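Each remark here refers to the structure printed beneath this line.
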Amino acid sequence: MSHGANAATSGPAAQPLPAAKDPAVKEQRVTKQRLAVSAALDELDDFVSTQELYRLLQNQGVSVSLATAYRILQSLADDGLIDALRNADGEAVYRRCAVTGHHHHLLCRNCGKAVEVEAPAVETWAARVAAENGYTDVAHTVEIFGLCPECTAKKAAGLL
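Numbering (this note's numbering), first residue to last: 225 to 384.
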């Protein structure tokens, strides 16, 4: 599904949202709204903004406020249950990824399609550059923006 249309546009690399993983934080209550948000994310293939997800839930007849949707998405991201990025416009977008470990994304800047990629060469390069400069406890994010095969074909046919 491509409900995250235009979630990722061209421009500087997406920035990860800060995570607040604190082991002292208690587990979240399981509410109808939290279950509905989680279930909706399970059905989506692409990154989606809070407002896009809110509209989708409203169209499905789910009663959840926009503020609650924001809180639930941030909580799921903080708990490491979904990926959260900032697109080129600075808007937070979310997705449940199949890969649970550290990974990167290819993002279509036209339709928002996302593909998860593991990049061992990037990991090696990042560790080497950090060590060469005396940095420790480093983290990084790499998001690659372009046109997916379908949008590339549309562009070649003059439909974009």
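By construction, the Cβ of each residue, glycine as well, lies at the ideal position given by its N, Cα and C atoms.
Bear in mind that the values here come from a model prediction, so they are computed numbers and not experimental data.
Open item on the list: I'd like to know if A338 contacts chain C, where contact means its C-beta is closer than 8 Å to some C-beta of that chain.
Closed with: In summary, chain C is missing from the structure at hand, where a single protein chain is found.
Open item on the list: Taking the alpha-carbon of A270 as reference, which of E347, G325, A377 and I306 has the nearest alpha-carbon?
Closed with: One detail in the question is off: residue 270 reads as Asp in this sequence, not Ala. Out of E347, G325, A377 and I306, I306 has the C-alpha closest to the C-alpha of D270.
Open item on the list: Using DSSP's beta-bridge definition, name the partner residues of R278.
Closed with: According to the sequence displayed, residue 278 carries Tyr and not Arg. None, per the DSSP bridge assignment.
TODO: Sort S287, Q275, A343 and A354 by Cα distance to T255 and report the nearest one.
DONE: It is S287.
Open item on the list: Within the continuous alpha helix (DSSP H) that includes R258, where are the two ends?
Closed with: Secondary structure note for R258: its alpha helix (DSSP H) is the uninterrupted segment K256 to E267.
Task: Exposed unless 16 or more other CB atoms sit within 10 angstroms - verdict on R352 - done: Exposed: under 16 other Cβ atoms inside 10 Å.
- [ ] Report the three-state DSSP secondary structure of E367 (helix, strand or coil).
- [x] Strand, per DSSP.
- [ ] Under the assumption that G370 contacts L330 (Cβ atoms under 8 Å), give the Cβ distance between them as a whole number of angstroms.
- [x] That pair is a contact at about 7 Å.
Open item on the list: Run through the DSSP bridge pairs and tell me what V339 is partnered with.
Closed with: As a beta-bridge residue in DSSP terms, V339 pairs with L330.
Open item on the list: Which of the three DSSP states is assigned to L309 in this structure?
Closed with: In the structure shown, L309 sits in a strand (DSSP, three-state: E or B).
Open item on the list: Tell me which residues share the same chain as L290 and place their Cβ nearer than 8 Å to its Cβ, disregarding the 5 neighbours each side in the sequence.
Closed with: T274, Q275 and Y278.
Open item on the list: Just verifying my parser: in three-state terms, what is the DSSP assignment at Y318?
Closed with: Y318 sits in a strand when the DSSP states are folded into three classes.
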